[in-house]
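See below for the structure under consideration.
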Amino acid sequence: MSYNVGRSVGIALAICSFSSAGAGNVTFSFINGDFTPSISTSTITLAAGFEYFIISSPTISVATNYYHIVDGVNGTSYSVATTATTSGLDEQISSIQADASVTFSLYADQALTSNSRLQIWRFPL
50 MSYNVGRSVG IALAICSFSS AGAGNVTFSF INGDFTPSIS TSTITLAAGF
100 EYFIISSPTI SVATNYYHIV DGVNGTSYSV ATTATTSGLD EQISSIQADA
150 SVTFSLYADQ ALTSNSRLQI WRFPL
């Protein structure tokens, strides 16, 4: 992440939930935050002019693999062992510098419960 100590920057946070009934891209829902990301079911469009720090915390009932997808490019697959469905103990992180608008999706090869959380931290460029 980049910081300019010579000027004050407004950091914003959005919290979303995500879930899936089985293998495939997850669906997102906005919960709360300082800004509302543009969500179209399974895709979040991130506005240009910001750096985004995205943290996903899935909750599962069976072991799964999942990965972030940025502008249609699959990220590194991450294995998650079985955890209680009330706590997302495993996290995956992506850092995105959006000089133009960017799409973000998340793929899982097993069902994810709606307790799964996505944090989107936004920093002005």
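Going by my numbering, the sequence shown wraps up at 174, each residue one higher than the last. The beta-carbon is built from N, C-alpha and C at its ideal position, and this holds for glycine as well.
- Counting other Cβ atoms within 10 Å of its Cβ, alanine 157 reaches 16 or more and is therefore classed as buried.
- The shortest CA-to-CA distance from threonine 76 to any of Ala112, Tyr101 and Pro107 is the one to Pro107.
- Distances from the CA of glutamate 140 to each of Tyr116, Ser163 and Ser150 were compared; the closest alpha carbon is that of Tyr116.
- Residue pairing for leucine 167: DSSP places it in a beta bridge opposite Cys65 and Ser105.
- Secondary structure of phenylalanine 172 (DSSP, three-state): strand.
- In the structure shown, isoleucine 60 falls within a coil segment according to DSSP collapsed to helix, strand and coil.
- The way I'd put it, the segment 121-128 doesn't touch the segment 68-84; fewer than three beta-carbon pairs between them come closer than 8 angstroms.
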